[in-house]
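>
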Amino acid sequence: MKKKYIVPVILSSALVASSFTASTALANSQQGNGSPDKSWNENANVPVFVKEKIAEKRASSNAANALDYLAENEGKTGLKNPKQNLQQKEVEKDALGMTHVRFNQAVNGVPVEGAEVVVHYNAQDELVSVNGGHFPEAASNNIDTTPDVSVMKAVQTAKAAVEAPEKLEYNPESEVVVYPFDGENHLAYKVNVNFLGDKPGNWFVFVDAKNGEVIDQYNAIMHAEDIHQSVGTGVLGEQRKIHTTKSKEARGGTTFSLSDESHEGLEGIYTFDANDGEIMTNHSASWKDEYLHAGVDAHYNSEQVYEYFHDEHDRNSLDDEGMAIISYVHYGDSYNNAFWNGRHMTYGDGDGSFMVPLSAGLDVAAHEMTHGVISNSANLQYRFESGALNESFADIFGALVDADDWEVGEDIMGPDAKADGRESLRSLSDPSKYPVKADYIPYGNGEGNYPSHMDEFYDLPRNLDNGGVHINSSITNHAAYLIGEEIGKEKLGQIFYRALTVYLTPTSNFSEARKLIVQSAADIYGEGSAEEQATANGFDEVGIYE
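Put into structure tokens, the structure is as follows:
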């Protein structure tokens, strides 16, 4: 029987890009049909990083004082007319007493895609640093910000461009942005179109708001009643204690469902069957039927990841506001992947040969749920170095939650994969033990394996792995491993979480990330501390410098 694809879709993130020679089911990002000689103006994005040696006390840690500072220090920051060209996005105060004011670059109130600047105050209201990225040309050009094309027309054009299904569970989302592309600054509708099916998509389509034509497009799918204590069996035979909901049926029977509303401040943890779109149920508190195993693992692992972020980082769910944690299992037919789509995790069952059901992996669940944390914090763009950082942070927290080793996906590999020497999806400790796909090799300087140093960086075009998001991520993965071996996983997690939620912006690259992660170590453990030095050394060893 054909399986039904009825899972809601908004934003997608999948766990793996294929590097198996014998498997074609691992997802690869698809690209648009635009001219290959045109590209997003990545190099026009100018990074900002200013660290004040002598911090100046301000009347208060607010946006107005931040803008005053930026106006007074245009020469330091390179930001022209900040009071005119920046608009406040949010103000946050962290556990160290520091305040962080985040701005979008804007033209006549229209945000410039990917351009954010963050101003940081210490607990004494002293302005200590500024970081982010901006597009100077967008600030200096006279851009007409009044659309001539309707949003309805733009959405229809975007759906047609990516061959989206006629019926979508959720409407596409759109916003008007200034989009630097092919040497010009376009007024565009940024339309997000999401769908499942045989080729799931999380497309961002930029439609010219003046003439209605598609400027650019890329697929950002990142290829993971009373509360009752139940016991279940996982995919690999482990006994799991899980929280379920017990309810009485109309005819007097009892039903247990994979619904957990036992955590204060959290909407709940819910696990669905993708075949019927319903929460998984059982007539017993003992979940031992084989078909239930994938659901048991997804439910159990979701709670483990939730508790990690809650206990280690005081984060209330993926959005830090208690959003429900939702998983779907049994997705697709022998689907060798898992992904986050902005609302929930989705797990395939694997083909039984190269992969077993992917919900079996705690690090897989942590990887996918970390994508949710990323989309609700730094929101790193899913292409080139910012996309590689997106994948890297997901891998790193996968290895921190599943703290037994430095591998990702070791529990989901099938017998044929292991026989072929593939013991995990990726290795943070030894990235080079696995080969990349054959068509990636000409773009690298190594021996065709995952890189662990910038000397082995793969200069991939966007039509291959979105510019190397799953490949070059192993360089920063290895840096995290080296740092973690020196200072321990707990401190590593504190440093990288702070960088992700306080400093990084959508277009951050490797060099910026190094500065901001080292700064995070200094914030927590002190300037000149062993932790700060270990962090800097880890990036030095993989060839990522300031």
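Numbers -27 to -1, 1 to 519, taken from mature numbering (1 follows the signal peptide of the UniProt record, and there is no 0), label the letters of the sequence shown in order.
From the three backbone atoms N, C-alpha and C, an ideal C-beta is built for every residue, glycine too.
Note that the structure is a prediction, hence the values are computed from the model and not measured.
Using the three-state DSSP reduction, which class does Asn95 fall into: helix, strand or coil?
Here residue 95 is taken as the residue at index 122 of the sequence shown, counted from 1. Of the three classes helix, strand and coil, the one that applies to Asn95 here is coil, per DSSP.
> Below 8 angstroms on the Cβ atoms is my contact criterion, and I expect Gly106 with Glu89 to pass it. Report the Cβ-Cβ distance as a whole number of Å.
Against the sequence shown, residue 106 aligns to sequence position 133. Against the sequence shown, residue 89 aligns to sequence position 116. Indeed, because the Cβ distance is near 7 angstroms, the residues count as touching under 8 angstroms.
> What do you reckon, are the CB atoms on Tyr162 and Ala127 nearer than 7 angstroms?
Looking up residue 162 in the sequence shown gives position 189. Looking up residue 127 in the sequence shown gives position 154. Contact flag set, yes.
> Gln277 by DSSP, collapsed to three states: which one?
Here residue 277 refers to the residue found at position 304 when the sequence shown is read from its first residue. If DSSP states are grouped into helix, strand and coil, Gln277 belongs with the helices.
> How far does the beta strand (DSSP E) with residue 577 in it reach, from first residue to last?
Look at the range of the chain in this structure, -27 to 519, and you will see that residue 577 is not part of it.
> Relative to the C-alpha of Lys219, which candidate in Arg213, Ser230, Pro330, Gly210 has its C-alpha closest?
For the purposes of this step, residue 219 is taken as residue 246 along the sequence shown, with counting starting at 1. Comparing Cα positions, the closest option is Ser230.
> Which two residues bound the contiguous alpha helix (DSSP H) that contains Arg435?
Translated into the one-based positions of the sequence shown, residue 435 becomes position 462. That residue, Arg435, is in no alpha helix (DSSP H); it is neither H nor E in DSSP.
> How about the segment 48 to 56 and the segment 117 to 125: do they share at least three Cβ pairs that are nearer than 8 angstroms?
The segment 48 to 56, when compared against the segment 117 to 125, does not touch it at the 8 angstroms Cβ threshold.
> Give a yes or no on whether the C-beta atoms belonging to Asn104 and Val19 are separated by under 7 angstroms.
Taking the first residue of the sequence shown as 1, we reach residue 104 at position 131. Taking the first residue of the sequence shown as 1, we reach residue 19 at position 46. Not closer than 7 angstroms, so no.
> Go to Gly371, then tell me how far its alpha helix (DSSP H) extends in each direction, as first and last residue.
Sequence index remark: in the sequence shown, residue 371 carries index 398 (1-based). Unbroken alpha helix (DSSP H) run through Gly371: 357 to 374.
> With burial defined as no fewer than 16 other Cβ atoms inside 10 Å of the residue's Cβ, what is the status of Tyr518: buried or exposed?
By 1-based counting over the sequence shown, the position of residue 518 is 545. Result: exposed.
> Going residue by residue through the segment 136 to 215, where are the continuous alpha helix (DSSP H) segments of at least 4 residues, counting only ones entirely within it?
Those alpha helix (DSSP H) runs which fall completely within the segment 136 to 215 and span 4+ residues do not exist here.
> For Pro84, which of Lys66, Lys62, Asn352, His93 has the nearest alpha-carbon?
Walking along the sequence shown from the start, residue 84 turns up at place 111. The option with the nearest alpha carbon to Pro84 is Lys62.
> Please look up how many angstroms separate the CB atoms of Ala267 and Thr319, rounded, as I've assumed it's under 8 angstroms.
Sequence index remark: in the sequence shown, residue 267 carries index 294 (1-based). Sequence index remark: in the sequence shown, residue 319 carries index 346 (1-based). Not quite, the Cβ-Cβ distance comes to about 11 angstroms (not below 8 angstroms), so this is no contact.
> Among Asn167, Ser484, Ala333, Leu291, which residue has its Cα nearest to the Cα of Ala271?
Here residue 271 refers to the residue found at position 298 when the sequence shown is read from its first residue. Among Asn167, Ser484, Ala333, Leu291, the Cα nearest to that of Ala271 is on Ala333.
> Look up Glu89 in the DSSP assignment and say whether it is helix, strand or coil.
Working through the sequence shown from its first residue, we reach residue 89 at position 116. Residue state, collapsed to three classes: strand.
> Is it buried or exposed, Asn144, if we count other Cβ atoms within 10 angstroms and call 16 or more buried?
Position 171 of the sequence shown, counted from the start, is the residue given in the question as residue 144. Its Cβ having fewer than 16 others within 10 Å, Asn144 is exposed.
> Within its chain, find whatever has a CB closer than 7 angstroms to the CB of Ser17; leave out the 5 residues flanking it on each side and keep chain order.
By 1-based counting over the sequence shown, the position of residue 17 is 44. Correcting the residue type first, residue 17 is Ala in the shown sequence and not Ser. Closer than 7 angstroms at the Cβ level, and outside the excluded window around Ala17, lie Phe108, Glu110, Pro153.
> For the 8 angstroms Cβ check, are there 3 or more pairs between the segment 377 to 387 and the segment 492 to 508?
In short, these stretches do not touch, since the Cβ pair count stays below three.
> State the CB to CB distance for the pair His451 and Leu401, rounded to an integer number of angstroms; the pair is presumed to be in contact (CB under 8 angstroms).
Looking up residue 451 in the sequence shown gives position 478. Looking up residue 401 in the sequence shown gives position 428. Contact flag correct, Cβ pair sits at about 6 angstroms.
> Taking only the alpha-carbon atoms, compute the straight-line gap between Asp412 and His286 and give it to the nearest angstrom.
Indexing the sequence shown from 1 puts residue 412 at position 439. Indexing the sequence shown from 1 puts residue 286 at position 313. So the alpha carbons of these two residues sit roughly 40 angstroms apart.
> Would you check if the segment 173 to 182 and the segment 204 to 212 touch, i.e. whether three or more CB-CB distances between them fall below 8 angstroms?
Judged by Cβ distances under 8 angstroms, the segment 204 to 212 makes no contact with the segment 173 to 182, as fewer than three pairs qualify.
> Leaving out five residues before and five after Ala96 in sequence, what residues of the same chain have Cβ atoms less than 6 angstroms from its Cβ?
Position 123 of the sequence shown holds residue 96. Here the set comprises Gly70.
> Ala339 and Gly305 look like a contact to me (Cβ under 8 angstroms); what is the Cβ gap, rounded to whole Å?
Residue numbering aside, residue 339 sits at position 366 when the sequence shown is read from its first letter. Residue numbering aside, residue 305 sits at position 332 when the sequence shown is read from its first letter. Going by Cβ atoms, the distance from Ala339 to Gly305 rounds to 22 angstroms, so no, they are not a contact pair.
> Look up Thr474 in the DSSP assignment and say whether it is helix, strand or coil.
Within the sequence shown, the letter at position 501 stands for residue 474. Here Thr474 sits in helix by DSSP.
> Looking only at its own chain, which residues have a Cβ that is under 7 angstroms from the Cβ of Asn6, when we skip the five neighbours before and after it?
Position 33 of the sequence shown, counting from 1, holds the residue named residue 6. Only weak support is given to the placement of Asn6: the predicted model assigns it a pLDDT of 36, under 50, and the value that follows is read from those uncertain coordinates. Once the five neighbours on either side are set aside, Asn6 has no close Cβ partner at all.
> My output table needs one value for Gln506: the three-state DSSP class, helix, strand or coil.
For this step, residue 506 is matched to residue 533 along the sequence shown. Helix.
> When we look at the beta-carbon of Ile27 and count the other beta-carbons within 10 Å, is it buried (16 or more) or exposed?
Residue mapping note: residue 27 aligns to position 54 of the sequence shown, counting from 1. Looking at its Cβ environment, which holds fewer than 16 other Cβ atoms inside 10 Å, Ile27 is exposed.
> Please tell me whether Ser447 and Pro424 are closer than 7 angstroms, where the distance is taken between their beta carbons.
In the sequence shown, the residue the question calls residue 447 occupies position 474. In the sequence shown, the residue the question calls residue 424 occupies position 451. Yes, these two residues count as a Cβ contact at 7 angstroms.
> To the nearest angstrom, how far is it from the Cα of Asn314 to the Cα of Ser300?
In the sequence shown, counting from the first residue as 1, residue 314 sits at position 341. In the sequence shown, counting from the first residue as 1, residue 300 sits at position 327. Spanning the two alpha carbons is a distance of roughly 10 angstroms.
> Cα separation between Gly323 and Asn58?
Locating residue 323 in the sequence shown gives position 350, where the first residue counts as 1. Locating residue 58 in the sequence shown gives position 85, where the first residue counts as 1. Answer to the nearest angstrom: the Cα atoms are 49 angstroms apart.
> For Ser307, which residues from the same chain have a beta carbon less than 8 angstroms from its beta carbon, with the 5 sequence-adjacent residues on both sides left out?
As a working note, residue 307 is residue 334 in the sequence shown. Ala(-3), Gly321, Asp322, Gly323, Asp324, Gly325, listed in sequence order.
> Since Ser235 and Ile252 should fall inside the 8 angstroms C-beta cutoff, what is the C-beta to C-beta distance between them, to a whole number of angstroms?
If you number the sequence shown from 1, residue 235 lands on position 262. If you number the sequence shown from 1, residue 252 lands on position 279. That belief does not hold up - the Cβ atoms of Ser235 and Ile252 are roughly 15 angstroms apart, past 8 angstroms.
> Starting from Met318, follow the beta strand (DSSP E) in both directions and report where the run begins and ends.
Taking the first residue of the sequence shown as position 1, residue 318 is located at position 345. 318 to 321 is the span of the beta strand (DSSP E), which, as asked, contains Met318.
> Between Glu65, Ala193, Gly250, Glu29, which lies nearest to Val166 when the distance is taken from Cα to Cα?
Within the sequence shown, the letter at position 193 stands for residue 166. Measuring from the Cα of Val166, the nearest candidate turns out to be Ala193.
> Who are His107's beta bridge partners in DSSP?
Here residue 107 refers to the residue found at position 134 when the sequence shown is read from its first residue. Beta-bridge pairing links His107 to Val19.
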